Amino acid sequence: MKNVFIVNKASRTGKAADTWAKIDEYLKNNKVEYQIFFTAGAGDATEFARQATSSGEKVGLFVMGGDGTLNEALNGIADFENTLYTPLPSGSANDFVSGIGLQGDVVDILDRALNTEEYKIYDIGKVIYEGGERLFGVSSGIGVDAYVCLQALTSRLKKFLNRFGLGAATYGLLTVGDIFTMPFIDGEITTWFKDEKREFYFNGTIFAAAMNCKAEGGGIPMAPNARPDSGYLTAFCAHDISRLKCLCLLPFLIAGKHEGKPGFNLLNFDKIHIKLKSPMCLHVDGEHVGFFEEIRFECLPHALKIRG
-9 MKNVFIVNKA SRTGKAADTW AKIDEYLKNN KVEYQIFFTA GAGDATEFAR QATSSGEKVG
51 LFVMGGDGTL NEALNGIADF ENTLYTPLPS GSANDFVSGI GLQGDVVDIL DRALNTEEYK
111 IYDIGKVIYE GGERLFGVSS GIGVDAYVCL QALTSRLKKF LNRFGLGAAT YGLLTVGDIF
171 TMPFIDGEIT TWFKDEKREF YFNGTIFAAA MNCKAEGGGI PMAPNARPDS GYLTAFCAHD
231 ISRLKCLCLL PFLIAGKHEG KPGFNLLNFD KIHIKLKSPM CLHVDGEHVG FFEEIRFECL
291 PHALKIRG
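Below you can see the structure in the form of structure tokens.
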């Protein structure tokens, strides 16, 4: 089995270069044979992962970067059956690695992965929208959380906080402001779960997040009971409440104590279809995709093999 590394040394405002130096030292000291690709821009990790996993042979795919880089690589995997995926976290949030429960630093994860052929199998999500589709490991959603992700991509605040290892706090700070500026939009939601179909109409949709892991945005537990190996996803929808009420409920959300609060709904699903009266912002694992009126989320159960 060949080992292929995809490395984003620019993640965490460039501090990931230090992380790569530790990995490089380990690989040299242990005489590990590998092929390496360094990303230089958006989409590189997807193309590199596609190249690495298209031959039909078994591949140990190691991806170093933040959640955005991990998502790009996930979307490039051409052969899930023969790919053993190992995320090596070097971002400011690292929600995917936390969500699947990988312990230790990047060298610990790397060492465990290289010294075993055992793996665990996890679900992944898929979002379908006009003109395309994408896979996600952590979450995908519309509304306030998606707009926060869009702002965070160019946020000076995030770059400043990253200097002190506090980049994940950016998401919470931006959320407070966006609650009072983002439009809340009416919509219809249809869910399918274990062959049961349910339909809802929401007034003033604030956000709707499809969660594979329990937390996004630097550890905010949007779906505290979500498990990435459950075989289904969990939707967290906020709607039909005022902006002030939403702000007052944020402490409960941050503490993971929001289930059952008026205006907050948690729903397990296999598939979900959302139709809005006007477009809302969409993110996939924290990466901005665009603005859409219709979105469909699906679970791909037990699709991803992970070592580490």
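Residues in the sequence shown are numbered consecutively from -9, following our numbering. Every residue gets a Cβ at the ideal spot worked out from N, C-alpha and C, and that includes glycine. Predicted, not measured: the structure shown is a model, and the values here were computed from it.
{"Query": "Got a sec? Which residues, its chain only, sit under 7 Å from Pro252 by beta carbon, not counting five neighbours each side?", "Result": "Ile231"}
{"Query": "Taking the straight line between their C-alpha atoms, what separation do you get for Gly58 and Asp275?", "Result": "6 Å"}
{"Query": "For Gly56, which option in Gly127, Ile111, Leu266, Gln41 has the closest C-alpha, if you only look at C-alpha atoms?", "Result": "Gly127"}
{"Query": "Going by beta-carbon coordinates alone, are Thr180 and Ala200 separated by less than 9 Å?", "Result": "no"}
{"Query": "Assign Tyr112 to one of two classes, buried (16 or more other C-beta atoms within 10 Å of its C-beta) or exposed (fewer than that).", "Result": "buried"}
{"Query": "What is the rounded straight-line gap between the Cα of Leu74 and the Cα of Lys48?", "Result": "8 Å"}
{"Query": "In angstroms, rounded to a whole number, what distance separates the CA positions of Gln25 and Asp185?", "Result": "45 Å"}
{"Query": "So is Gln141 buried or exposed if we call it buried at 16+ other beta carbons inside 10 Å?", "Result": "buried"}
{"Query": "Would you grab the beta carbon distance between Ile114 and Leu294 for me? Rounded to a whole angstrom, and I think it's under 8 Å.", "Result": "5 Å"}
{"Query": "Taking one C-beta from the segment 92 to 102 and one from the segment 66 to 73 each time, how about it: are there three or more such pairs within less than 8 Å?", "Result": "no"}
{"Query": "Check whether the segment 208 to 222 and the segment 277 to 296 touch, using three or more Cβ-Cβ pairs below 8 Å as the test.", "Result": "yes"}
{"Query": "Do the CB positions of Gly50 and Ala103 come within less than 9 Å of each other?", "Result": "yes"}
{"Query": "Just grab the DSSP bridge partners of Glu62 for me.", "Result": "DSSP output for Glu62 lists no bridge partner at all."}
{"Query": "Whole angstroms is fine: what's the gap from Asn188's alpha carbon to Pro269's?", "Result": "The residue asked about is misnamed: residue 188 is Arg in this sequence, not Asn. Cα to Cα, the separation comes out at about 23 Å."}
{"Query": "Answer yes or no: do His229 and Asn193 have a C-beta to C-beta separation smaller than 9 Å?", "Result": "yes"}
{"Query": "Kindly provide the ranges of any beta strand (DSSP E) runs that are 3 or more residues long and lie completely inside the segment 1 to 59, ordered along the chain.", "Result": "25 to 28, 49 to 55"}
{"Query": "Going by the CB atoms, is the gap between Gly177 and Lys267 shorter than 9 Å?", "Result": "yes"}
{"Query": "Taking the alpha-carbon positions, what's the Ser80 to Lys(-1) distance?", "Result": "9 Å"}
{"Query": "Where does Arg124 sit, in a helix, a strand or coil, going by DSSP?", "Result": "strand"}
{"Query": "Please report the distance separating the alpha-carbon of Ala35 from that of Ser88.", "Result": "21 Å"}
{"Query": "Could you give the distance in angstroms between the alpha-carbon of Asp85 and the alpha-carbon of Gly33?", "Result": "20 Å"}
{"Query": "Between Gly207, Met212, Cys203, which lies nearest to Pro218 when the distance is taken from Cα to Cα?", "Result": "Cys203"}
{"Query": "According to DSSP, simplified to helix, strand and coil, what is Ser268?", "Result": "strand"}
{"Query": "Hey, how far is the Cα of Val279 from the Cα of Gln41?", "Result": "23 Å"}
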